[in-house]
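Data first, discussion second: the structure below is written as structure tokens.
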Amino acid sequence: MENTSSKKNIVQELDPLFKPKSIAIIGASQKDLSIGNVIIKNLLSYGYKGKIYPINPSMPEIRGIKAYPTIFDVPDEIDLAHVIIPSKFVPQIIEDCGKKNIKAVIINSAGFSEMGEEGMALQNEFLAIAKKYGIRIFGPNCQGIINTDPELKAYCDFTFTFPEPGGASIVALSGGVGAFIMQSLFDLEIGMSLYASNGNACDVSIPEIIEYYGEDEATKAIILYTEGLSNPKAFMKVAASVTKKKPILAMKSGRTEEGAKAAASHTGSLAGVDISTELIFEKTGILPFNNEEEMCQAAMAFSTQPIPKGNRVGVITNTGGPAVIATDELVSAGLHLSPLSERAKGKLQQTLLPEATIGNPIDVVATGGGVHFRSALDVLMEEDSIDSIFVNFVTAPFTDTDEVARNIVEVSQLKKKPIICNFMTNLSLERFQVTAKILKDGGVPCYSFPTTAAKALGALYKYSLAKNREIGLPKAYTEIDIKEAKSIIELAKLEGNTYMTSDKVFQLLSVYGLPIADWALVNNIPEAIAAAKKIGYPVVVKAESPELVHKSDKGGVAINIKNAEELQSTIEKMKSGIGIKDMKFLVQKFLIGGKELIAGISKKEGLGHLIMFGLGGIYVEVLKDVIFKIAPVTELEANEMLSSIKASKLLDGVRGQLGINKSKVTDIIQRLSKLISDFPIVEEMDLNPILAIGDDVFCVDARIKIN
Ligand code: ADP
Ligand code: MG
């Protein structure tokens, strides 16, 4: 079970794990190449400030530290134990840990749920014992944790990277990914606060760790790698609140084209297997990355820079081309190079070299030195219309580059606006190593490519959007008669069909206030003729049977029927052509010349339901221009759905074509969302197509799968 305890609880719960005052290593070993030895070595060489108790029945000492035969022989309290013994002995050891009042255990040993049923049983066995004693289990089959706090220096892990303290914290199930991300941060000289790689994660969960990181003052940015979420709802709750305080950067998991195989155009098959993770990231404000290098590069900016208030960037450069490359990337990340005020220009005219370009970008030119960079930086810091600063700095050999670096650092340390630096130099020259060090020590994030630097600034801006995005609450729609809806669904369940029949479907849509074309379900030709007269020609007739899912594929849809004779012959043809007994017929108003849209619902295990919107009819299959969101969907999200399909411009109208009534469509999306919160029993639902005609929209075909 994942625990979403309150703030105070999470800190109390996980402090023994992340801030242990004493650590026992159960399975400590003298062999250099064993985990039970490497962990002690790491604790020692990292300078752990607490007490280390190697546990080994036959060794008097390990790595010069007194060892004890059992934990009961340790004359002191133990906060945290590493367990590195064969899996079958683990339940007994956890029992002992309970008796010794140990609060947290990292089980490095493998041989549990990852090994199949037998291992799973063993895992459940020790977990039950841990629960009995209130021990929190980290792992099993995992690396461990690292806390770089200089007062503690807990390296409870067997890896080989020894990070400096800093603002990035890592959480990953996979030890391999966790370790290489840690190494990448180290290579980029980005300091780290906490690290956790919890393997099978049978108890202490990713959401709990994220919640704990949220409370860790040293953590400025959280880096997450997960291959799947065992409890998406717990995860979403925590992530949504933590991203309001600090950024979470995460790797997007791979997408599969699983949906493509399914011939049906329904919502379920369009939502690929891994779409949920992306949607969860979006809903909770997590920044997704496709590429781990880009993620680490962005982490460098997050761990030192403030978050920009908006998208207006000022660029300072001492060379032309790289500024052009950077500008392209900045603009595609949604940033805007806003013009400078007259006051700013006036100041720059007085202070910069005569060859300088005064505008945005500000080109201080290659001969520009510290004073010129400084003046440009000061001006941008003072400009109300600038939210962030991008510096393109090439180390021109004929300038005092250290002086330039010192000025960038001084302004950066005001922390008023984020500064990102594309630093172009030759680091094999000692002179420029000095310049680089000034920037680095001053906490200026430096990149060696303009695009990389611009992407990092783009990530800061995206986080400012995510942080401030208030999606609001879903609309209540209190006028909807839920009782009536319930009785329709109950009746449909009694009928026992997987798909509800059209009459029930349309009744339910009406109860939910969804706009539908006039319709009647009839048994025979005379009834059809009477219904058509009432609805008014031209009409559409559709064959209706629980066996018919895609009607038009089977010749079960005929449009633009102008009179009774045509209606009669059409129905006769359908009867003989389709050949299903007891077929009924849906007579419907023929609606001419609409744009076909689709909206739908599909169930995702553990997550609830997804709502979909896109271009409908045949376009669904061909273009797959659809967008999903996790239900419930608010008005803001419904609007985002319309504006984020690829063909969104079509909805506004192009080349003389009129646009559609978007608010009626967003209302449909929100009513679907309401329907699914009221009746989660609905597994899948398609409104395909919704015809948008002039200022109106009508659902003309709907399918609802209830079980
Ligand atoms: P199915 O999806 O089962 O094949 P539909 O009811 O969606 O059947 O009909 C197929 C197509 O026929 C729709 O995509 C739409 O182009 C057209 N159509 C259906 N009903 C109407 C209607 N009432 N007015 C105009 N066109 C319609
Ligand atoms: Mg259809």
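Note that my numbering gives residue 6 to position 6 of the sequence shown, counting from 1, and the numbers run on in steps of one. Each residue gets a CB set at the ideal place from its N, CA and C atoms; glycine is no exception.
Task: Local Cβ density within 10 Å of Ile453, reported as buried at 16 or more and exposed below that - done: Locating residue 453 in the sequence shown gives position 453, counting from the first residue. The identity of residue 453 in the sequence shown is Ala, whereas the question assumes Ile. It is buried - the Cβ of Ala453 has at least 16 other Cβ atoms within 10 Å.
Open item on the list: Is Ser276 near the ligand MG - that is, is its Cβ less than 8 Å away from at least one heavy atom of it?
Closed with: Translated into positions along the sequence shown, residue 276 becomes position 276. The answer is no for Ser276.
Task: Given 8 Å, three or more beta-carbon pairs between the stretch 136–148 and the stretch 105–119 - done: Yes, the stretch 136–148 touches the stretch 105–119.
Open item on the list: With a threshold of 8 Å, are at least 3 pairs of Cβ atoms found where one atom belongs to the stretch 308–322 and the other to the stretch 378–395?
Closed with: Touching, per the Cβ criterion.
Open item on the list: Extract the residue ranges of the beta strand (DSSP E) inside the stretch 154–201, only unbroken runs of 3 or more that lie entirely within it.
Closed with: Whole beta strand (DSSP E) segments, 3+ residues: 154–156, 165–172 and 192–197.
TODO: Let me know if Gln507 comes out buried or exposed under the rule of 16 or more other beta-carbons within 10 Å of its beta-carbon.
DONE: The count along the sequence shown starts at 1 and reaches residue 507 at position 507. Answer is buried; the Cβ neighbour count reaches 16.
Open item on the list: Just verifying my parser: in three-state terms, what is the DSSP assignment at Arg655?
Closed with: Position 655 of the sequence shown, counted from the first residue, corresponds to residue 655. Looking at Arg655 - three-state DSSP - the assignment turns out to be coil, as it is neither helix nor strand.
Open item on the list: Could you give the first and the last residue of the continuous alpha helix (DSSP H) run that contains Cys296?
Closed with: Here the question's residue 296 lines up with position 296 in the sequence shown. Glu292 to Thr304 is the span of the alpha helix (DSSP H), which, as asked, contains Cys296.
- [ ] Return the CA-CA distance between Glu470 and Lys533, expressed in angstroms with no decimal places.
- [x] Position 470 of the sequence shown, counting from 1, holds the residue named residue 470. Position 533 of the sequence shown, counting from 1, holds the residue named residue 533. A straight line joining the alpha-carbon of Glu470 with that of Lys533 spans about 50 Å.
Task: Bounding residues of the beta strand (DSSP E) (the contiguous stretch that carries Leu80) - done: Start at 1 with the first residue of the sequence shown, and residue 80 comes out as number 80. Element bounds for Leu80: Leu80 to Val83.
Task: Alpha-carbon spacing of Ile85 relative to Ser58, whole angstroms - done: Walking along the sequence shown from the start, residue 85 turns up at place 85. Walking along the sequence shown from the start, residue 58 turns up at place 58. Put simply, the backbone Cα of Ile85 is about 15 Å away from that of Ser58.
TODO: With a 10 Å radius around its C-beta and 16 neighbouring C-beta atoms as the bar for buried, classify Lys551 as buried or exposed.
DONE: Walking along the sequence shown from the start, residue 551 turns up at place 551. Buried is the call here.
Open item on the list: Tell me which residues share the same chain as Ala376 and place their Cβ nearer than 6 Å to its Cβ, disregarding the 5 neighbours each side in the sequence.
Closed with: Taking the first residue of the sequence shown as position 1, residue 376 is located at position 376. Answer for Ala376: Ile316, Ile362 and Val364, listed in chain order.
- [ ] Using the Cα positions of Phe423 and Gly191, report the straight-line distance between them to the nearest angstrom.
- [x] Translated into positions along the sequence shown, residue 423 becomes position 423. Translated into positions along the sequence shown, residue 191 becomes position 191. CA-to-CA, the gap between Phe423 and Gly191 works out to about 20 Å.
Task: beta strand (DSSP E) segment containing Ala250, residue limits - done: Here residue 250 is taken as the residue at index 250 of the sequence shown, counted from 1. In the DSSP assignment, Ala250 falls within the beta strand (DSSP E) that extends over Ile248 to Met251.
- [ ] My understanding is that Ser150 touches Pro163, with C-beta atoms under 8 Å, so please give their C-beta distance in whole angstroms.
- [x] Reading the sequence shown from its first residue, position 150 is the one you call residue 150. Reading the sequence shown from its first residue, position 163 is the one you call residue 163. Contrary to the premise, residue 150 reads as Pro rather than Ser in this sequence. Contact between Pro150 and Pro163 fails: their C-beta atoms lie close to 12 Å from each other, not under 8 Å.
TODO: State buried or exposed for Lys629, treating a residue as buried only when at least 16 other CB atoms are found within 10 Å of its CB.
DONE: Here residue 629 refers to the residue found at position 629 when the sequence shown is read from its first residue. Buried.
- [ ] Just the C-alpha distance for Ser412 and Lys283, rounded to the nearest angstrom, thanks.
- [x] For the purposes of this step, residue 412 is taken as residue 412 along the sequence shown, with counting starting at 1. For the purposes of this step, residue 283 is taken as residue 283 along the sequence shown, with counting starting at 1. Distance between the alpha carbons of Ser412 and Lys283: 32 Å.
TODO: Can you tell me which of Met574, Gly608, Glu621 and Lys245 puts its alpha carbon nearest to the alpha carbon of Ile466?
DONE: Reading the sequence shown from its first residue, position 466 is the one you call residue 466. The residue you asked about is not Ile; residue 466 is Ala in the sequence shown. The option with the nearest alpha carbon to Ala466 is Lys245.
Task: At least three beta-carbon pairs within less than 8 Å, the stretch 612–623 to the stretch 531–546 - done: With the cut-off at 8 Å, the stretch 612–623 and the stretch 531–546 do not touch.
Open item on the list: Distance check for Asp553 and Gly577, CA to CA, integer angstroms please.
Closed with: Position 577 of the sequence shown, counting from 1, holds the residue named residue 577. Position 553 of the sequence shown, counting from 1, holds the residue named residue 553. Taking C-alpha positions only, Gly577 is separated from Asp553 by approximately 12 Å.
TODO: Measure the alpha-carbon distance for Gly608 versus Pro680 and round it to whole angstroms.
DONE: Here residue 608 corresponds to residue number 608 of the sequence shown, with the count starting at 1. Here residue 680 corresponds to residue number 680 of the sequence shown, with the count starting at 1. Between the alpha carbons of Gly608 and Pro680 lies a gap of roughly 8 Å.
Task: Delimiting residues of the beta strand (DSSP E) encompassing Arg63 - done: The count along the sequence shown starts at 1 and reaches residue 63 at position 63. Annotation: Arg63 is outside any beta strand (DSSP E) and is labelled neither H nor E by DSSP.
Open item on the list: Counting C-beta neighbours from all protein chains within 10 Å, is the total for Pro526 16 or more, i.e. buried, or is it exposed?
Closed with: If you number the sequence shown from 1, residue 526 lands on position 526. So Pro526 ends up on the exposed side.
Open item on the list: When you compare the CB positions of Trp519 and Ser545, do they come within less than 9 Å of one another, or not?
Closed with: As a position in the sequence shown, residue 519 is number 519, starting the count at 1. As a position in the sequence shown, residue 545 is number 545, starting the count at 1. No.
- [ ] Enumerate in chain order the residues of its own chain whose CB-to-CB distance from Ala81 is below 6 Å, with the five nearest sequence positions on each side excluded.
- [x] Counting from one through the sequence shown, the residue named residue 81 turns up at place 81. Answer for Ala81: Ala24, Ile26, Cys97, Ile102 and Val105, listed in chain order.
Task: Ile93 to Gly606 span [Cα, whole Å] - done: If you number the sequence shown from 1, residue 93 lands on position 93. If you number the sequence shown from 1, residue 606 lands on position 606. Each residue's Cα considered, the two are about 33 Å apart.
Open item on the list: Spatial neighbours of Glu683 within its chain, please: C-beta separation below 6 Å, excluding the five flanking residues on both sides.
Closed with: Working through the sequence shown from its first residue, we reach residue 683 at position 683. Result list for Glu683: Lys603 and Lys705, in chain order.
Open item on the list: Is it buried or exposed, Gly593, if we count other Cβ atoms within 10 angstroms and call 16 or more buried?
Closed with: Position 593 of the sequence shown, counted from the first residue, corresponds to residue 593. Counting the other CB atoms within 10 Å of its CB gives Gly593 a total below 16, which places it among the exposed residues.
Task: Helix, strand or coil at Ala485 [DSSP, three-state] - done: Within the sequence shown, residue 485 is the residue found at index 485, counting from 1. In this structure, Ala485 counts as helix in the three-state DSSP scheme.
TODO: Taking all protein chains shown into account, decide if Asn524 is buried (16 or more other Cβ within 10 angstroms of its Cβ) or exposed.
DONE: Against the sequence shown, residue 524 aligns to sequence position 524. Around the beta carbon of Asn524, a 10 Å sphere encloses fewer than 16 other beta carbons of the protein chains shown; the residue is thus reported as exposed.
Open item on the list: Starting from Asp402, trace the alpha helix (DSSP H) in both directions and tell me its first and last residue.
Closed with: For the purposes of this step, residue 402 is taken as residue 402 along the sequence shown, with counting starting at 1. Under the DSSP assignment, Asp402 falls in the alpha helix (DSSP H) whose first and last residues are Thr401 to Ser412.
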